[in-house]
Structure formats: C-alpha cells, structure tokens
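By the numbering used here, the letter at position 41 of the sequence shown is numbered 786, and the numbering carries on one by one without gaps. Even glycine gets a Cβ: it sits at the ideal position worked out from N, Cα and C. Since this is a predicted model, take the numbers as computed values, not measurements. Here is the structure we will look at, set down as structure tokens.
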Amino acid sequence: MAKAKFERTKPHVNIGTIGHVDHGKTTLTAAITKYFGDFKGYDQIDNAPEEKARGITISTTHVEYETPTRHYAHVDCPGHADYVKNMITGAAQMDGAILVVNAADGPMPQTREHILLGRQVGIPFMVVYLNKVDQVDDEELLELVEMEVRELLSSYEYPGDDIPIVKGSALAALEGRDKEIGEDSIRALMAAVDEYIPTPERAVDLPFLMPIEDVFSISGRGTVVTGRVERGAVNVGDELEIVGIRPTKKTICTGVEMFRKLLDRGEAGDNIGALLRGIDRDGVERGQVLA
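Structure, rendered in structure tokens:
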C-alpha cells in the first residue's frame, strides 16, 4: 500500500492525557478520536503488548486528530507509577496536557505525581477533564472535587483558578449515549484545548536537532530513528550527523514519515521517523542526537 502524503495545512500541536490509573485517560483518548479523527478503539490505543496482562497502560501511544483550527498529535501517557520513565520521555514532548480526574474519586496519588512531573518536564499548560460525572449524584460533591483539583494545580504553580475544567463521561461519549455528558463534553473539551493551550512558537529557522528516542530497521529500506524535532527542519536528501555517546557518524536522510504518512520535511515540533542511509540497526542508539 502506497503511503499517503502528510498535508501541512494547520498549526500542529502536541498534547497528551495524564492522570491516575483507571481514571479514564485511554477511554477519553478513544472518544476524542471518535469525534475528531480516524476512530481508534480503546483496544487499539491500549495496544502495547506488555500491558495487556495488567490492563494498565505502560507504553505511550500516539494518535492524531484535527479540530477546525489545528492538527493534534496526542500521546496517551502511561498511568502507572512503574512507568514514570516513559512518561518523562513521552511527556517532554507535550505542548499541553489534558489531566483526567475521576469525579467519583477526586485527585489521587498519581494525579499529584503527574502534575508534579508535568511541572518538572515543562508541560506549560493543562486543561482538566472531570470524568465519570454520571457516577456522582451530588452536585455539591462535584463542586468540591473541582475545587480540590484547582487547589492541587495551584500548589504546583499552575494557574488553578483559570484552568478550564470540563465535566463529562468519556465512556458515554465513546458509546454514543447521553449526548450532554458524552459527545458535548468532548466537543467542549477540545474547544477549551483549542482556546487555552496556545500554538507554540517553533524554532524552525535554527540548525536541525533531534534527540533519538527509538531505533528500528525496516527490511529492504534501512534503519529508522524516531524522535521529536526540537529545532530546525530536515529535508529528504539532507546530510546529517549522529552525535553523542559514540564517535560521530555521517549519514543521509532518505525519507521522513509522520503518522505513517510521507513528508518532504520534518519541522520543529514534529514527531517523526527518519530513514538513514548506510547505518545499521546497531550503529545508532536511543539518547544520541541527529543533527
């Protein structure tokens, strides 16, 4: 199957879901793709093999979707304490985050942990989705949880009083029922994300730099390295260097992909895979930098 070409028509923003285990991050991610992207089911997003046994998300999954004004790349972040290291590599790529809190539980230990991590890895903006509101009958309790979330955000130097909080049920949205707390809440959430999380200034004009996050080989094509372009741009045919950890190597970029679509170039802010000529799978490792 020939790959589609990626059309760069809207500003591109990287966001992700964070929050306590089982509060509904993956369900919310699936619900957003239902209304704004190519629908991905819960199982497709929750698809890392090692976590199936435990039913908790371990590795980060990328999905894409669009609102009328923007193109989003969305990371569904690990919700489990053991996998904080993944969150650090996954979360460092976010321009903003959706914090998912179960309205019935309120903020839990990992809610706090993820807000702290967000502060430490530099996630500049957060929007809150108060999930599972259909499990709370008492309106006052809901207000209490909202206050608690705002105070928690403020305690980590996020503007708790100003952060948009959207109430709803991701499951209702995913199953297409209770439109008010279902679909409407997802649309309200994305409107809040569009408005509250600013489009980042990308450093496209600086020299190209991309920390390598993963390496794999494609039979018959060569070695692909993936990561987020931190600054500058890379064009197909560019001569590049692989720097750090080992002696510097020269190579040529023979292809650029994002979301399994081909690009002529990758720009600052894009999560891309770059195909490298003349480099074998063992010749490059995570932590090196493509420049």
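- Secondary structure within the segment 967-1008: not one fully enclosed alpha helix (DSSP H) run of 4 or more consecutive residues is present.
- Annotated as distal: Gly905 and Ile931, with beta-carbon spacing of 8 Å or more.
- Note on the segment 899-967: whole alpha helix (DSSP H) runs with a minimum of 4 residues are 915-920 and 928-941, in chain order.
- Counting along the chain, the unbroken alpha helix (DSSP H) around Glu858 starts and ends at Pro854 to Val866.
- Scanning Lys779, Val873 and Gln880 for the CA closest to the CA of Met892 turns up Val873.
- Counting the other CB atoms within 10 Å of its CB gives Lys770 a total of 16 or more, which places it among the buried residues.
- Judged by their CB atoms, Gly1014 and Ala978 are not nearer to each other than the 8 Å cut-off.
- For Asp783, the closest C-alpha among the options Gly863, Tyr817 and Glu958 is that of Tyr817.
- Where Thr778 is concerned, the enclosing alpha helix (DSSP H) starts and stops at Lys770 to Phe781.
- DSSP places Arg1026 in no beta strand (DSSP E); its state is neither H nor E.
- By the beta-carbon neighbour count (other beta carbons within 10 angstroms, threshold 16), Phe961 is exposed.
- A distance below 8 Å separates the beta carbons of Val970 and Leu1021.
- In the structure shown, the three-state DSSP call for Val766 is coil.
- Setting aside the 5 residues that flank it on each side, Thr812 is surrounded in the same chain by Phe781, Met935 and Asp939, each with a C-beta closer than 7 Å to its C-beta; the list follows chain order.
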